[in-house]
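S.K.:
Residue numbers (UniProt numbering): 1 to 226.
1) Sort 186, 10 and 94 by Cα distance to residue 22 and report the nearest one.
2) Kindly give me the distance between the Cβ atoms of residue 28 and residue 73, rounded to whole angstroms, as I take these residues to be in contact under 8 Å.
3) Under the DSSP definition of a beta bridge, which residues are partnered with residue 139?
4) Which residues does DSSP pair with residue 40 in a beta bridge?
5) Could you say which of 101, 45, 107 and 91 lies nearest to residue 82 if we only look at CA atoms?
6) From the DSSP secondary-structure annotation, give me the bridge partner or partners of residue 129.
7) If residue 222 and residue 119 are in contact, beta carbons under 8 Å, what's the gap, nearest whole angstrom?
8) Is the CB-CB distance between residue 33 and residue 207 below 8 Å?
9) Rounded to a whole number of angstroms, what is the C-alpha to C-alpha distance between residue 127 and residue 98?
10) Report the option in 109, 91, 157 and 122 whose CA atom is closest to the CA atom of residue 220.
11) Identify whether residue 31 lies in helix, strand or coil by the three-state DSSP scheme.
12) List in chain order: all unbroken alpha helix (DSSP H) runs of 4+ residues lying wholly within the segment 151-224.
13) Give the secondary structure of residue 116 by DSSP, where H, G and I count as helix, E and B as strand, and everything else as coil.
14) Where residue 114 and residue 41 are concerned, what is the direct C-alpha to C-alpha distance, given to the nearest angstrom?
15) Give me the Cα-Cα distance between residue 135 and residue 179, rounded to the nearest whole angstrom.
16) Just how far apart, CA to CA, sit residue 166 and residue 15?
17) Name the two residues that bound the continuous alpha helix (DSSP H) containing residue 235.
18) Which same chain residues end up closer than 8 Å to residue 54 when comparing Cβ atoms and leaving out the 5 residues on each side of it in sequence?
19) Have a look at residue 62 and residue 11 and give me their C-alpha separation to the nearest angstrom.
20) Do residue 193 and residue 86 come within 8 Å of each other at the CB atom, strictly closer than that value?
21) What three-state label does DSSP hand residue 144 in the structure shown?
22) Once the 5 residues before and after residue 104 are set aside, which same chain residues still bring their CB inside 7 Å of it?
23) Pick helix, strand or coil for residue 51, following the three-state DSSP scheme.
24) Between which two residues does the alpha helix (DSSP H) holding residue 72 run?
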């Protein structure tokens with residue numbers, strides 16, 4: 001059963017409107033939207049595994065498309081119908097359930113883990129891997145404490161790690177990062193306390209947008225490391 005067409009259209013329009021808002025901090029997302037490289041996939045509930053195979057297939061296609069043409073910034077956004085009433089802890093738990101399911105399917109389909117990153121969520125060099133490519137995930141939902149993470153529906157945005165490494169090699173990454181941080185401070189009034197560079201702390205701590213302490217443990221284990 002597919003999501004009805006009206007929900008698909010509204011889900012996509014809501015996310016694009018949020019990104020187009022002049023206050024939205026992420027200039028990378030704005031660039032991807034302007035260039036037509038922000039792909040959206042509207043799904044059933046974040047609490048359901050119904051769309052997991054479809055999402056995973058899109059991630060495989062997205063990774064392969066980037067290998068074929070590694071140009072520009074691109075993102076894949078999985079937009080879920082609901083629930084709209086998840087608090088931050090429940091959103092985080094449900095998000096990781098979906099990511100665990102996607103990782104299990106990546107293993108089941110015989111995909112290798114990207115050797116440039118770690119599969120251990122406690123490792124500062126951790127990243128998810130789908131189709132042999134490392135991905136960073138940004139969780140968005142209506143009840144996020146950070147204004148930059150608030151959108152009308154639960155959403156998981158998948159970004160390829162390699163595109164940021166490419167920007168770094170071209171000398172463009174730091175400028176973009178500084179612009180995003182400055183815009184986020186202007187919107188929120190302070191620097192995101194979870195912000196960290198890759199290799200300083202596990203990026204898993206940043207995925208949900210919730211502020212977590214040093215004792216936080218990621219509820220994820222990739223099947224290829226068990």
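C-beta atoms are modelled at their ideal positions from N, C-alpha and C, and glycine is treated no differently.
M.R.: Quick answer:
1) In the chain shown, residue 22 corresponds to position 22, counting from 1. Nearest of 186, 10 and 94 to residue 22, Cα basis: 186.
2) Here residue 28 is taken as the residue at index 28 of the chain shown, counted from 1. Here residue 73 is taken as the residue at index 73 of the chain shown, counted from 1. About 5 Å separates the two Cβ atoms, so the contact holds.
3) Translated into positions along the chain shown, residue 139 becomes position 139. Residue pairing of residue 139 in beta bridges, as defined by DSSP: 156.
4) Within the chain shown, the letter at position 40 stands for residue 40. In the DSSP output, where bridge partners are listed per residue, residue 40 has 77.
5) Numbered from 1 along the chain shown, position 82 holds the residue referred to as residue 82. Ranking 101, 45, 107 and 91 by Cα distance to residue 82 puts 45 first.
6) Here residue 129 refers to the residue found at position 129 of the chain shown. 134, per the DSSP bridge assignment.
7) Indexing the chain shown from 1 puts residue 222 at position 222. Indexing the chain shown from 1 puts residue 119 at position 119. That pair is a contact at about 4 Å.
8) The sequence position of residue 33 within the chain shown is 33, counting from 1. The sequence position of residue 207 within the chain shown is 207, counting from 1. For residue 33 and residue 207, no; Cβs fall outside 8 Å.
9) Residue 127 sits at position 127 when you count from the first residue of the chain shown. Residue 98 sits at position 98 when you count from the first residue of the chain shown. Roughly 15 Å separates the two Cα atoms.
10) Residue 220 sits at position 220 when you count from the first residue of the chain shown. For the residues 109, 91, 157 and 122, the minimum Cα distance to residue 220 belongs to 122.
11) For this step, residue 31 is matched to residue 31 along the chain shown. In the structure shown, residue 31 sits in a helix (DSSP, three-state: H, G or I).
12) 161-169 and 173-188
13) Taking the first residue of the chain shown as position 1, residue 116 is located at position 116. Coil.
14) Walking along the chain shown from the start, residue 114 turns up at place 114. Walking along the chain shown from the start, residue 41 turns up at place 41. Near 24 Å, if we compare the C-alpha coordinates of residue 41 and residue 114.
15) Position 135 of the chain shown, counting from 1, holds the residue named residue 135. Position 179 of the chain shown, counting from 1, holds the residue named residue 179. One C-alpha to the other measures close to 22 Å.
16) Position 166 of the chain shown, counted from the first residue, corresponds to residue 166. Position 15 of the chain shown, counted from the first residue, corresponds to residue 15. So the two alpha carbons sit approximately 26 Å from each other.
17) Because the chain is modelled from 1 through 226, residue 235 falls outside the range shown and cannot be assessed.
18) Position 54 of the chain shown, counted from the start, is the residue given in the question as residue 54. Once the five neighbours on either side are set aside, the close Cβ partners of residue 54 are 41 and 43.
19) Working through the chain shown from its first residue, we reach residue 62 at position 62. Working through the chain shown from its first residue, we reach residue 11 at position 11. One C-alpha to the other measures close to 20 Å.
20) Looking up residue 86 in the chain shown gives position 86. Looking up residue 193 in the chain shown gives position 193. For residue 86 and residue 193, no; Cβs fall outside 8 Å.
21) Reading the chain shown from its first residue, position 144 is the one you call residue 144. It is coil, neither helix nor strand.
22) As a position in the chain shown, residue 104 is number 104, starting the count at 1. Here the set comprises 223.
23) As a working note, residue 51 is residue 51 in the chain shown. The answer is coil: DSSP assigns residue 51 none of H, G, I, E or B.
24) In the chain shown, counting from the first residue as 1, residue 72 sits at position 72. Residue 72 -> no alpha helix (DSSP H), and no H or E assigned at all.
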